[in-house]
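The block underneath contains the structure these notes are about, expressed in structure tokens.
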Amino acid sequence: MGTERKINNRRKFFQTSAALVGGTLLYSLIKPFEALSQSKEEATKIAKEDLPLWGMGVDLERCVGCGKCAEACKIENNVPKEPFYFRTWVEQYTVKKDGEVKIESPNGGIGGLKQSVPDEDIFKSFMVPKLCNHCTKAPCVQACPVGATFISPDGVVLVDDTYCIGCSYCIQACPYGARFMNPVTKVADKCTFCYHRITKGLLPACVEACPTDARIFGDLRNKESDLVKFLQENPTQVLKPHLNTHSRVFYNGLSSEVK
Amino acid sequence: MPKLIFRLLLTFFVFVGVFILIQRSVTPDSFGKYGHYRANSLDDNRMKPFYYKGEAKCTECHQDVFDQKASDLHDAVRCESCHTPKIPGSIDCKVKPPIVKGTIQFCAQCHAINAGRLEKGVPQLDFKEHYEKQNCIECHNPHAPWELKEK
Amino acid sequence: MEEHYKHLYEALSQVDGYIYPNEIDLHWGLMIVLYPYITGLVAGAFILASLERVFNVKVLKPTYGLALLTALAFLLVATLPLVSHLQHPLRAYEIFMTPNPTSAMAIFGFVYLWYLMVVLLLEIWFDYRLDFVLWSKKSKGFKKYFYRIITLGIHDTDAKSAKLDDRLGYFITVLGIPSAFLLHGYVGFIFGSIKANPWWSTVLMPVIFLFSAMVSGIALVMVIYMVVSWVRKVEIDMPCLDTIAKYLFYILIIDFALESLDQIHRIYEAEESFDIIKVLVSGKLNITLFIMQVLLGTVIPLLIIGIFQVYKPDEKIRKAAYFFVGIIVLIGIFFMRWNVVIGGQLFSKSLSGFTSFKAVYSGMEGYLMAAVWLILPLLILTFLLWLMPPWKKLTTHE
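Chains as they are written, first to last, in my numbering: chain A, 31 to 289; chain B, 0 to 150; chain C, 4 to 401.
Below, the structure written as structure tokens:
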């Protein structure tokens with residue numbers, strides 16, 4: 031009785047596994063032809079006009095270089111705390127009276143930027159927060175060999191963590207140094223405008239943390255948004271315009287020293 | 000057609016065919032739905048946990064502090080600028096209140112003298128001169144900085 | 004992980020000027036230096052082989068088979084440094100599964116595949132097919148099985164089939180020349196198309212890569228030919244060696260002219276990036292660029308072979324000199340790749356400062372791994388020479 035049941039069980043086990051293996055094999059054989067049977071119409075195309083088009087304004091006249099944004103970004107996005115990995119950071123530019131430009135960003139500005147040039151030598155000084163520019167013609171997206179980084183339908187340049195092969199080509203292609211190789215996940219990492227937040231109606235963490243409202247986040251398609259107003263009221267500029275990346279991060283008060 | 004060319008072409012087409020079959024079955028399902036990427040990656044990016052909860056959430060319990068803050072100079076500073084969150088937003092925020100010590104070092108992040116901060120409406124202090132106690136909050140109420148505490 | 008941070012902290016203390024905080028680490032190291040180097044050797048060796056076959060330089064015949072097998076041995080290894088530098092090497096197949104049509108790197112995968120499968124393998128196959136059939140009758144053991152399988156079941160040995168092999172082989176070689184140009188020109192394009200990097204972004208990059216590839220490939224075959232002859236204890240065909248050296252000389256001149264043109268253009272235009280590049284070239288790259296690449300890899304070889312064009316010393320001296328020239332040219336081209344790949348990452352894209360590069364011995368990006376990728380093709384070549392020695396061929400193309 032016992033042995034019979036065992037045999038029966040075993041037979042059942044073999045039957046089930048054979049069916050499973052067979053089914054998987056059959057499916058994998060059929061799967062490549064699925065596309066032929068389904069009409070292309072079914073592939074949902076999102077009407078782009080209905081979606082927001084995210085962008086950011088940075089008001090350099092308001093930024094005090096406290097580094098709260100860079101700190102918030104690291105907390106929010108689990109960016110390694112070592113001073114080599116930043117999705118956003120703040121630079122301090124100091125133009126000396128002799129014309130020399132000194133740029134500093136110790137630890138990305140986290141903990142507040144400190145002026146290292148004596149006051150009497152300073153011609154002018156200002157802070158510049160940097161982040162991914164979410165280019166409309168993103169060089170990184172163009173360069174990615176496998177399609178692991180892309181521009182989302184709402185205009186945010188994102189990385190597919192499960193698909194990136196870690197070749198670093200996108201990092202080489204980014205003119206703004208906004209990308210890095212995450213030492214933990216071993217894939218390219220970058221600012222996502224806090225995609226997990228903005229799709230829930232929250233603001234990006236850096237915008238939330240900024241005490242002086244120097245960062246203005248919003249929808250470029252919505253004519254009522256703060257961002258559109260900011261762009262209307264201020265003469266804005268993008269970084270490295272000669273590279274024709276059509277970036278969606280706009281700076282007010284950008285000085286020509288900024289690179 | 001010579002046998003040789005036929006064999007080679009056959010090998011070539013078998014190779015291409017096998018390649019296309021493998022490609023078809025290995026490519027992720029949602030790949031190419033919106034563009035040359037895995038459409039499900041949008042969801043992956045959306046699903047990440049958030050930490051900063053937003054001022055509205057804080058005000059649910061701390062309306063009094065919010066009102067006090069709104070009436071003074073720190074009105075534009077949102078709660079989590081100083082009270083950096085320690086736990087993801089999905090966890091009830093009452094578990095671990097983020098405490099800020101209000102040391103000089105902390106307040107100096109915004110208020111230390113720096114030529115890059117002039118004329119931006121943020122008071123600049125020389126902490127060597129303006130220095131009475133170890134911690135700023137011993138005199139100043141951080142939610143209403145001009146409400147000085149009695150010494 | 005700790006180790007990783009440690010070397011970054013060390014690099015942080017050596018930063019000169021301002022760099023973007025994410026730029027502290029060089030994302031492309033020794034492996035990416037090797038990748039264009041090895042690919043270049045392939046393209047160069049192939050061009051040398053086609054000189055004989057398509058351009059009818061019959062005096063090069065002793066090196067024809069050798070050049071092809073060298074190209075194959077190195078081509079098989081060419082992508083391995085690239086894969087070993089990936090952070091997720093197991094995902095490398097995605098380059099073939101979902102290639103991004105706008106990505107230079109993705110299309111390179113297909114250029115590589117085309118070159119390996121259609122050009123090189125086919126050309127070698129046409130060249131050897133008849134011999135495989137004949138050898139399979141005489142050999143024993145593994146060799147016999149290998150020869151049998153590789154003939155794909157075609158056992159014709161008559162004159163007609165030999166003629167067909169010859170014609171098809173010729174056709175493939177003609178097709179192979181633009182393919183070899185494409186293969187290495189494309190490697191140059193991978194760098195030349197990065198507009199973010201002013202040291203790389205020049206239209207001349209593919210052309211420079213192509214000519215330096217030819218230089219290195221020809222030098223490699225020259226050295227290998229001499230070594231193989233010594234090992235086999237046969238006389239080196241001096242006219243052949245002289246001719247290889249002559250072509251090396253001509254192409255080296257073109258290569259040098261192109262690279263100089265590129266630099267002169269930079270200096271004269273003096274764009275925004277020129278200031279930092281000037282400091283880069285005269286500082287961090289001065290030894291690898293001026294000493295290794297220009298002096299050792301270009302000027303000295305040009306002088307030596309140049310003198311030989313007007314005054315031919317004794318054979319023994321010439322042999323020694325050619326061997327020496329071959330080696331230093333190979334070193335020089337290696338440093339040319341080094342200067343491009345490493346040099347391009349040493350300065351910040353903010354054009355305001357430098358980071359530093361320190362190669363390590365162990366690990367996937369270290370010297371040991373690099374040595375493996377350079378020795379492996381030589382082992383493969385030894386195996387190929389044992390399996391299908393060109394000097395034992397019973398037939399030969401017209």
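No residue lacks a Cβ here, since even glycine has one placed at the ideal position from N, Cα and C.
Beta-ladder partner(s) of residue i, from DSSP
i, result
"A/VAL131", "A/VAL125"
"B/ARG37", "B/PHE30"
"A/PRO159", "A/VAL120"
"C/GLY356", "C/GLY20"
"A/GLN267", "A/TYR281"
"B/HIS139", "B/LEU147"
"A/LYS154", "A/VAL125"
"A/ALA218", "A/MET211"
"B/ASN134", "B/THR102"
Alpha-carbon spacing of residue i relative to residue j, whole angstroms
i, j, result
"A/CYS103", "C/TYR12", "21 Å"
"A/GLN145", "B/CYS81", "22 Å"
"C/GLN17", "C/ASP134", "60 Å"
"C/ASP402", "C/ILE279", "For residue 402 of chain C there is no data in the structure shown, the boundaries of chain C being 4 and 401."
"B/HIS129", "C/PHE194", "55 Å"
"A/GLU150", "A/ILE246", "33 Å"
"C/ILE239", "C/SER232", "6 Å"
"C/ILE294", "C/ARG340", "14 Å"
"B/ALA114", "A/TYR123", "10 Å"
"C/SER365", "B/ASP125", "50 Å"
"A/PRO175", "B/LEU3", "36 Å"
"A/SER155", "C/LYS198", "30 Å"
"C/VAL206", "C/PHE192", "8 Å"
"C/LEU89", "A/CYS197", "5 Å"
"C/MET34", "C/ILE27", "18 Å"
"C/THR101", "B/VAL76", "47 Å"
"B/LEU27", "A/PHE180", "Note that residue 27 of chain B corresponds to Pro in the displayed sequence, not to Leu. So the alpha carbons of these two residues sit roughly 15 Å apart."
"C/VAL343", "A/CYS204", "18 Å"
Chain B within 7 Å of residue i, Cβ atoms only
i, result
"C/THR101", "yes"
"C/ILE1", "Coverage of chain C is limited to positions 4 through 401, which leaves residue 1 of chain C absent and any answer about it impossible."
"C/LEU167", "yes"
Helix, strand or coil at residue i [DSSP, three-state]
i, result
"B/ASN113", "coil"
"B/GLU118", "coil"
"A/TYR206", "coil"
"C/ILE274", "Note that residue 274 of chain C is Glu in the sequence shown here, rather than Ile. In the structure shown, C/GLU274 sits in coil (DSSP, three-state: anything other than H, G, I, E or B)."
"C/PRO392", "coil"
"B/LYS2", "helix"
"A/VAL94", "coil"
"C/ALA362", "coil"
"B/ASP43", "helix"
"A/THR179", "strand"
"C/TRP128", "helix"
"C/PHE350", "strand"
"C/LEU397", "coil"
C-beta neighbour in chain C for residue i, strict 7 Å
i, result
"A/PRO213", "yes"
"B/ARG6", "yes"
"B/PHE175", "No answer is possible for residue 175 of chain B: the residues shown for chain B start at 0 and end at 150."
"A/TRP119", "yes"
Near the ligand ADP: residue i beta-carbon under 6 Å from a heavy atom
i, result
"B/VAL76", "Looking at this structure, you won't find the ligand ADP or any other ligand, since it has none at all."
Residue i: first and last residue of the uninterrupted beta strand (DSSP E) it sits in
i, result
"A/ASN282", "279-282"
"B/GLY101", "Segment: none, B/GLY101 is in no beta strand (DSSP E) and carries neither H nor E."
"B/TRP145", "143-147"
"A/LEU188", "187-189"
"C/VAL405", "Past the boundaries of the shown model lies residue 405 of chain C; chain C is included only from 4 to 401, so the question cannot be answered."
"A/ASP89", "84-89"
Continuous alpha helix (DSSP H) stretch holding residue i: start and end
i, result
"C/VAL177", "162-195"
"C/PRO304", "303-313"
"C/GLY329", "318-344"
"C/VAL217", "According to the sequence shown, residue 217 of chain C is Met rather than Val. Start and end: 208-235."
"A/ARG245", "Looking at the DSSP string, A/ARG245 is not in any alpha helix (DSSP H); the run it does join, the beta strand (DSSP E), is 245-249."
"C/GLY144", "144-153"
"A/HIS226", "225-228"
Any chain A beta carbon closer than 7 Å to residue i
i, result
"C/GLN296", "no"
"C/SER106", "yes"
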